[in-house]
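Have a look at the structure below before the remarks.
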Ligand SMILES: Nc1nc2c(ncn2[C@@H]2O[C@H](COP(=O)(O)OP(=O)(O)OP(=O)(O)O)[C@@H](O)[C@H]2O)c(=O)[nH]1
Ligand SMILES: [Mg+2]
């Protein structure tokens, strides 16, 4: 497994997204003009970045998210922001962490009841001009910061900091989401989403399958094996439990992801399907590792606690071991799906691997 970050030349600037097109009857098919057709399944546990990868595809291949489209993300982005603040206020209460200033204590009252914030979650909502200041006062409070750093204990969304620190912009009535806001937004996928891209010599259909437990039941209903599987795993979830788990079941998210990875590896349907593993959220991992020692969650980790490289190689090794056990060929990369430049390099890597698979299956290599 080659995991070193390697810049690959981006060679798809002429690509364009084509109309939604679903092909289910073949994993390798030559179009009349000699164009290869690939179908790639995007799998992985919930919240690992599958839809973010799909959004980057759209963006990089020509959809610049026109203003009318961006407006549709308003309610979700504002919900991400207001729910994050609400969760942090509630968690501070639960942990018994006092907010230091009177101003922060007063600001917290604004976010205690999520129902009272519902009016700001509809499209074209008239915003309260005092909300951004209340958010800022809270964010600057040491007690609130302490609660934020314990976000892994109460399922605080990955990019809560991005939204909270952008409150002055997002809570304006005239707010138009930026591409970065759209990429950082959290909205779990229901049903699978499929997009096809014309990449010149290859036509690639990507199918994003929701990763929540209820959505994973759909994976076994697939009719035809894909050309390749893109499996996303989050590096930064090592200190978190599965959100959908029952109260009595507190399963570490990395364990859940490894179980899903193993299920994919051992599923006979995918016997001849290569797996491309993306170990995602490397930016969050590098921030987190300084405050949350890996050894606290994985007692057999023997590296230095603050050693980012040792930590991510350890996590990568857990997946590698499973692949070896199942004698499954796979390649992997560390990724940051919200970073468009990183995405371009990674997609080039994905495309080259898919292309190589197809050529070797077609007897051309
Ligand atoms: N900072 C950072 N955030 C990321 C990265 N990748 C994804 N995210 C964020 O993680 C959250 C979850 O990403 P999604 O793409 O919705 O995850 P998913 O795998 O599609 O989740 P399901 O639809 O529930 O299966 C979103 O808020 C993303 O913006 C990353 O590399 N870095
Ligand atoms: Mg999704």
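In my numbering, the protein residues as written are 101 to 465.
By construction, the Cβ of each residue, glycine as well, lies at the ideal position given by its N, Cα and C atoms.
The set of residues with a C-beta under 7 Å from any non-hydrogen atom of ligand 2 comprises 150, 151, 288, 289, 308, 310, 311, given in chain order. Residue environment: residue 192 is assigned as buried (16 or more neighbouring CB atoms within 10 Å of its CB, all protein chains considered).
Closest in alpha carbon position to residue 371, among 423, 162, 448, is 423.
With 16 or more neighbouring CB atoms inside 10 Å of its own CB, residue 353 falls in the buried class. For residue 436, the distance from the CB to the nearest heavy atom of ligand 1 is below 6 Å.
Residue 397 carries a coil assignment under DSSP once its states are collapsed to helix, strand and coil. Taking one beta carbon from each stretch, the region 310–320 and the region 135–148 have 3 or more pairs nearer than 8 Å; the two touch. Going by beta carbons, residue 245 and residue 141 fall outside the 7 Å limit. By the C-beta criterion, the region 365–379 is judged to be in contact with the region 426–434, since at least 3 inter-stretch pairs fall below 8 Å. The Cβ atoms of residue 257 and residue 184 lie closer than 7 Å to each other. Around residue 234, the same chain offers 207, 210 as residues with beta carbons nearer than 6 Å, after the five sequence neighbours per side are excluded.
Here the alpha carbon of residue 299 sits roughly 11 Å from the alpha carbon of residue 448.
Around the CB of residue 249, fewer than 16 other CB atoms lie within 10 Å, so the residue is classed as exposed. The Cβ atoms of residue 186 and residue 214 sit closer than 7 Å to each other.
With contacts defined as CB atoms closer than 7 Å, residue 231 and residue 271 qualify as a contacting pair.
Here DSSP, grouped into helix, strand and coil, assigns residue 459 to helix. Around the beta carbon of residue 340, 16 or more other beta carbons lie within 10 angstroms, which makes this residue buried. With contact defined as three or more Cβ pairs closer than 8 Å, the region 280–290 and the region 318–337 are not in contact. One Cα belongs to residue 410, the other to residue 396, and the distance between them is close to 15 Å.
With 16 or more neighbouring CB atoms inside 10 Å of its own CB, residue 156 falls in the buried class.
Comparing C-alpha distances from residue 160 to each of 226, 203, 196, 280 shows the shortest one belongs to 280. Taking C-beta atoms as the reference points, residue 454 and residue 327 count as a pair closer than 7 Å. The continuous beta strand (DSSP E) containing residue 434 extends over residues 430–434. DSSP places residue 336 within a helical segment (H, G or I) once states are collapsed to three. CA-to-CA, the gap between residue 360 and residue 200 works out to about 43 Å. Here DSSP, grouped into helix, strand and coil, assigns residue 295 to strand. In the DSSP annotation of this structure, the continuous segment of the beta strand (DSSP E) that includes residue 307 starts and ends at 302–308. DSSP lists 143, 377 as the bridge partner or partners of residue 331. Using a Cβ distance threshold of 7 Å, residue 437 and residue 152 count as a contacting pair.
Relative to the non-hydrogen atoms of ligand 1, the Cβ of residue 247 never comes closer than 6 Å to any of them. Put simply, the backbone Cα of residue 332 is about 15 Å away from that of residue 384. In summary, residue 180 is buried, with 16 or more beta-carbon neighbours lying within 10 Å of its beta-carbon over all protein chains present. Under the three-state reduction of DSSP output, residue 137 falls in the strand class. Residue 198 sits exposed, since fewer than 16 C-beta atoms from the chains shown fall within 10 Å of its C-beta. Taking 6 Å as the cut-off, the C-beta of residue 383 counts as close to a heavy atom of ligand 1. Between residue 268 and residue 241, the C-beta gap is not smaller than 7 Å, which leaves the two residues out of contact.
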